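Enquirer: Numbering (the numbering used here), first residue to last: 7 to 111. Don't be surprised by glycine CBs; every beta carbon is placed ideally from N, CA and C. This one's a predicted model, so the numbers in the text were calculated from it and none came from an experiment. Take this structure first; my questions come after.
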Amino acid sequence: MHSDQRCGGSLAVMLPLALCTSMMAFAHAGDDRLASVSIDELKRVYLACDRVASQQLLDSSTAAHCSFAGEALQKRAFGGSFDELLAWWRAEKEKDVASAKLSQK
7 MHSDQRCGGS LAVMLPLALC TSMMAFAHAG DDRLASVSID ELKRVYLACD
57 RVASQQLLDS STAAHCSFAG EALQKRAFGG SFDELLAWWR AEKEKDVASA
107 KLSQK
């Protein structure tokens, strides 16, 4: 095997590891920023993200912010339970639909 091939093989292994490490650092920074945000504000952000994402594709920065907010909400408001987060989200969606119907009358 040529040294060029070995280097390329090593790079192919090292690059995903480096990207993963930098994404983990970014994720922790997102968690730190959201630690001081109230649960009510996290809920508002989560629902705003949901509304926007249902109408358009989110850019990567916004998608990351929404993801961090969702993870923080799940951990802090629902004890880490995705099922509880989902039940809350569904109830909020039903409230929005009922509210929209009332405003149409």
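Enumerate, from N- to C-terminal direction, the unbroken alpha helix (DSSP H) stretches of 4 or more residues contained entirely within the stretch 58-100.
Expert: Runs found: 66-84.
Enquirer: Helix, strand or coil, according to DSSP, for VAL51 in the structure here?
Expert: For the purposes of this step, residue 51 is taken as the residue at position 45 of the sequence shown. Note: VAL51 maps to helix in three-state DSSP.
Enquirer: Residues in its own chain within less than 8 Å of ALA104 by CB, not counting five upstream and five downstream?
Expert: In the sequence shown, counting from the first residue as 1, residue 104 sits at position 98. The answer is none, since no qualifying residue turns up.
Enquirer: Can you grab the Cα-Cα spacing for the pair LEU40 / LEU53, in whole Å?
Expert: On the sequence shown, position 34 is the one that residue 40 refers to. On the sequence shown, position 47 is the one that residue 53 refers to. In a straight line, the C-alpha of LEU40 is about 16 Å away from that of LEU53.
Enquirer: Just verifying my parser: in three-state terms, what is the DSSP assignment at ASP56?
Expert: Counting from one through the sequence shown, the residue named residue 56 turns up at place 50. In the structure shown, ASP56 sits in a helix (DSSP, three-state: H, G or I).
Enquirer: Under 8 Å by Cβ, that's how I've got GLN80 and LEU91 pegged, so tell me the actual separation to the nearest angstrom.
Expert: Sequence index remark: in the sequence shown, residue 80 carries index 74 (1-based). Sequence index remark: in the sequence shown, residue 91 carries index 85 (1-based). Right, their Cβ atoms sit about 5 Å apart.
Enquirer: Can you give me the Cβ contacts of GLY76 inside the same chain, cut-off strictly under 6 Å, excluding the 5 residues immediately before and after it?
Expert: Mapped onto the sequence shown, residue 76 falls at position 70. The beta carbon of GLY76 lies closer than 6 Å to those of TYR52 in the same chain, with the five residues before and after it left out.
Enquirer: Please tell me whether LEU48 and ALA93 are closer than 8 Å, where the distance is taken between their beta carbons.
Expert: Locating residue 48 in the sequence shown gives position 42, counting from the first residue. Locating residue 93 in the sequence shown gives position 87, counting from the first residue. Their beta carbons are not under 8 Å apart, which means LEU48 does not touch ALA93 by this criterion.
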